[in-house]
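K.L.:
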Amino acid sequence: MSKISLFSSLIAFSLLFSACSSQKKEESNGAVEKTNSLIAKNEIVLTSTDNKEYVLKKSGNGFQLENSKAKILILDVFATWCPPCQAEAPHLSSLQKKYKNDIKIIGISIEDNIPNSKLEAFKQSHNAKYTLVNSPENRRIVNELAKELKLGNNFGIPLLAIYKDGKLIHYYQGAVEEEFIESDIKRALGI
């Protein structure tokens, strides 16, 4: 009888300690998850159609591209079916080529679940020679932009936001002439 009670006590004792250690483990994992979630709120990882990752860091009311030598970040929210977006693409390509060491243009599709092949077709047919991203985080960055710019949920595209050192310089909603964008670029670069 004493062997059974001793054995029962050992089992109860080990269960008690394994439950405690398991709980402690869950708490420490929760703390790590909270930390990662806070970091994740300030970073958005976008994946380009050629599978390169671009990390946008939120800073104040703007965004910066991590590990980029570009002084200016231009985020272009577009859709492949949008005529003003199609018309804008060659102008953005021209600016990316002209200021290749100073700016980075990232086109962000608002179309959910669009295949990369459709974005590549857009790139070819509209001479979009700049980075196009297509990832689950597209919607997140679009929502963040709309919130920061106080545009609400339904806003016109294309939407172009220009940042220098993580600070918003200017934004355009709808079609815009290349000269206006270039003027903002020159002003930001001090040219």
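When the count follows the numbering used here, it moves up by one through the sequence shown with no breaks and lands on 192 for the last residue.
Glycine included, every Cβ here is placed at the ideal spot set by N, Cα and C.
From a predicted model like this one, the values you see are computed outputs, not experimental measurements.
1) Between which residues of its own chain and Cys83 is the CB-CB distance below 8 Å, once the five residues before and five after are set aside?
2) Might you give, ordered along the chain, the residues of its own chain that have their beta carbon closer than 7 Å to the beta carbon of Thr50, omitting 5 neighbours on each side?
3) Taking Leu66 as the reference, give the member of Ser126, Lys168 and Gln174 with the closest Cα.
4) Just the C-alpha distance for Ile45 and Gly153, rounded to the nearest angstrom, thanks.
5) Taking contact to mean 3 or more Cβ pairs, one atom from each stretch, closer than 8 Å, check whether the segment 54-62 and the segment 92-99 are in contact.
6) Give every residue of the same chain whose Cβ lies closer than 6 Å to the Cβ of Ile170, excluding the five residues on either side of it in the sequence, and list them in chain order.
7) Determine the DSSP secondary structure at His92, reduced to helix, strand or coil.
8) Taking all protein chains shown into account, do 16 or more other C-beta atoms lie within 10 angstroms of the C-beta of Lys187, making it buried, or fewer, making it exposed?
9) Assign Ser184 to one of three DSSP states: helix, strand, or coil.
10) May I ask which residues mark the beginning and end of the alpha helix (DSSP H) holding Ile115?
11) Determine whether the beta carbon atoms of Tyr55 and Leu93 lie at a separation below 7 Å.
12) Could you tell me which of Asp113, Ala71 and His127 sits nearest to Asn139, measuring between CA atoms?
13) Is it right to say Asp166 is buried, meaning 16 or more other beta carbons lie within 10 angstroms of its own, or is it exposed?
14) State the beta-bridge partners of Asp51 as determined by DSSP.
15) In the DSSP assignment, the alpha helix (DSSP H) including Lys1 goes from what residue to what residue?
P.N.:
Checking against the coordinates, here is how it stands:
1) Against the sequence shown, residue 83 aligns to sequence position 82. Cβ neighbours of Cys83 beyond the five flanking positions: Ile158 and Pro159.
2) The residue given as residue 50 occupies position 49 in the sequence shown. Correct list, in chain order: Asn117, Leu120, Glu121, Leu133 and Asn135.
3) Taking the sequence shown and counting its residues from 1, the one referred to as residue 66 is at position 65. Among Ser126, Lys168 and Gln174, the Cα nearest to that of Leu66 belongs to Lys168.
4) As a first step, residue 45 must be located in the sequence shown, where it is residue number 44. As a first step, residue 153 must be located in the sequence shown, where it is residue number 152. Their Cα atoms are separated by approximately 20 Å.
5) no
6) In the sequence shown, the residue the question calls residue 170 occupies position 169. Only Ile163, Asp185 and Ala189 meet the Cβ criterion.
7) Here residue 92 refers to the residue found at position 91 when the sequence shown is read from its first residue. His92 falls in the helix class under three-state DSSP.
8) Translated into the one-based positions of the sequence shown, residue 187 becomes position 186. Exposed.
9) As a first step, residue 184 is located in the sequence shown; it is residue number 183 there, counting from the start. Of the three classes helix, strand and coil, the one that applies to Ser184 here is helix, per DSSP.
10) Working through the sequence shown from its first residue, we reach residue 115 at position 114. Here Ile115 belongs to no alpha helix (DSSP H), and DSSP marks it neither H nor E.
11) In the sequence shown, residue 55 corresponds to position 54, counting from 1. In the sequence shown, residue 93 corresponds to position 92, counting from 1. No; because the gap between Cβ atoms is not below 7 Å, this pair is not in contact.
12) Locating residue 139 in the sequence shown gives position 138, where the first residue counts as 1. The candidate whose alpha carbon is nearest that of Asn139 is Asp113.
13) If you number the sequence shown from 1, residue 166 lands on position 165. Result: exposed.
14) Here the question's residue 51 lines up with position 50 in the sequence shown. According to DSSP, which records beta bridges pairwise, Asp51 is partnered with nothing at all.
15) What is shown of the chain runs 2 to 192, which leaves residue 1 out entirely.
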